[in-house]
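To start, the structure itself, in structure tokens.
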Amino acid sequence: MSERRVRPALSPKKHSWRRQPPPPAAPPAEPPAGDPVAAPGDVQRNGGSIVHAALYRDGRHVSSPASLAETFRQLREYRDGMAWIGLQRPSEDEIHSLAAEFDLHPLAVEDALEAHQRPKLERYGETLFVVLRAARYLDAPEEVDFGELHIFVGQDFVITVRHGAAPDLSGVRKRMEEAPELLALGPEAVLYAILDAVVDGYVPVVEGVQNDIDEIETEVFRGDPEVSRRIYELAREMVEFQRATRPLVGMLHGLMAGFAKYGTDEELQRYLRDVADHVTHTSERVDGFRQALADILTVNATLVTQQQNEEMRAMAEAGFEQNEEIKKISAWAAILFAPTLVGTIYGMNFDAMPELDWAFGYPFAILLMAAVCTSLYFIFKRRDWL
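For the sequence shown, this note's numbering begins at 6 and goes up steadily by one.
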């Protein structure tokens, strides 16, 4: 690697990661011939992980180097400039190259290489390391997609490392380039702009989740059998959303507490307070969503239990009615069995049978059948079988 860049000394009265006003210098030299200048917006460079790299001086865009090495070289030339480097899923070699150039702490470098970090803000000497969890709402599958953003903020550089599709920082870069007076405030202005973009990205997510909850409430009272699964999946997303927003509240209040200590610009103070208000509001909404989903799940379980009880009662009533019908059928079958039995016995046509030659044999058989049937009828009637 080329020789290390020497940074200007810091004044003890100023913020340790805020770029100091440059001493009077000659107008900047033109970028070397052949240096490509990228169009605004994030564009992947040569299939690598560098999404965008740009140099700024006094809030004005100077150049857009095509590689990290070129970025380092040009930043040495513009000693009072600021580099803004955007990466997406960088390799270890790229991260280690940045770490060697900007004196990044090994622990922060290790975290930047690995996704699934919790939102946090840590200070390593002159560098701030910030981890944010961005979110976006996908309309087609009606779900929340989370991304992870790692930010290194130093005296004259901002490095963003994205893990995931969100957030898209091209809008932040364009906004800052259109406000050079804000960009001239240095790397901390870029950090606050990124924080604002991430927090603003929560707004459509909150609206999408609110619509989902309204639909779920309708499905619950309509008795949709698939609603329990949807409640569970949305509740899991709200857990992730809460993990993204709740730590951010403490992080922003920590930055606000250091306003006086680090001499933060008044405009940036107002900017940060506004971001803190928005993220507090979003965090409260997310907490409300979790409670609402818990209540909806309880109501759904109660309605399902009531429906099951009604079905069991209907089955019991149907079984009771069926038993009553079976008893009636059995009673009439028993009544009809008596004359059938008598008639069958006397229909066997044997010669040596009692009462075959008796003159009252036929009336006796009829009377016997009637007596047995009548007796059985009153017996079943008393037992409510008929």
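Ideal Cβ positions, reconstructed from N, Cα and C, are used throughout, including at glycine. For clarity, every value in this text was computed on a predicted model and none was experimentally measured.
Length of the line joining the Cα atoms of L239 and V214: 8 Å
Identity of the residue in H258, I334, R241 and D389 nearest D292 by Cα: Of the candidates H258, I334, R241 and D389, the one whose C-alpha sits nearest the C-alpha of D292 is R241.
Same chain, Cβ closer than 8 Å to Q311, five either side skipped, listed in chain order: none
Sufficient close CB pairs (3 or more, under 8 Å) joining the segment 162-169 to the segment 91-110: For the pair of segments examined, the segment 162-169 was found to touch the segment 91-110: the number of CB pairs separated by less than 8 Å reaches three.
Collapsed DSSP secondary structure at G152 in the structure displayed: strand
Validate contact between the segment 336-354 and the segment 370-382 using beta carbons, cut 8 Å, 3 pairs: yes
For E231, the nearest candidate out of V204, D270, N305 and M374 (CA to CA): Cα-wise, what sits closest to E231 is N305.
Those runs of the alpha helix (DSSP H) which lie wholly inside the segment 79-114 and span at least 4 residues: 97-107
E8 (DSSP reduced to helix, strand or coil): In this prediction, E8 has a pLDDT of 43, which is less than 50 and means its spatial position is unreliable; what the coordinates show is noted afterwards. In the structure shown, E8 sits in coil (DSSP, three-state: anything other than H, G, I, E or B).
A120 (DSSP reduced to helix, strand or coil): coil
Residue span of the beta strand (DSSP E) that contains F246, given as start and end: Boundaries for F246: no beta strand (DSSP E) harbours it, while the alpha helix (DSSP H) harbouring it runs V232 to A262, taken from the DSSP string.
Burial state of W89 (16 or more Cβ within 10 Å): buried
Distance between Q247 and R295 (C-alpha atoms, nearest Å): Rounded to the nearest whole angstrom, the C-alpha separation of R295 and Q247 is 9 Å.
Bridge partner(s) assigned by DSSP for F226: Bridge partners of F226: none, in fact.
Element boundaries [alpha helix (DSSP H), containing E131]: Here E131 belongs to no alpha helix (DSSP H), and DSSP marks it neither H nor E.
Local Cβ density within 10 Å of V244, reported as buried at 16 or more and exposed below that: V244 counts as exposed, since fewer than 16 other C-beta atoms from the protein chains shown sit within 10 angstroms of its C-beta.
Range of the contiguous alpha helix (DSSP H) that encloses F325: Annotation for F325: the continuous alpha helix (DSSP H) segment containing it runs E271 to Y351.
Burial state of L60 (16 or more Cβ within 10 Å): buried
Of the listed residues E212, K179 and E315, nearest to V195 (C-alpha basis): It is K179 whose Cα lies nearest to the Cα of V195.
Buried or exposed (CB count within 10 angstroms, at least 16 for buried), I331: exposed
Under the three-state DSSP convention, the category L137 falls into: strand
Cβ shell of M261 (< 7 Å), same chain only, five flanking positions each side left out: L277, R278 and A281
Q79 burial status per 10 Å Cβ neighbour count (16 or more: buried): buried
Boundaries (first-last residue) of the beta strand (DSSP E) holding F162: F162 to H168
CA-to-CA distance, T132 to A202, given in whole angstroms: 21 Å
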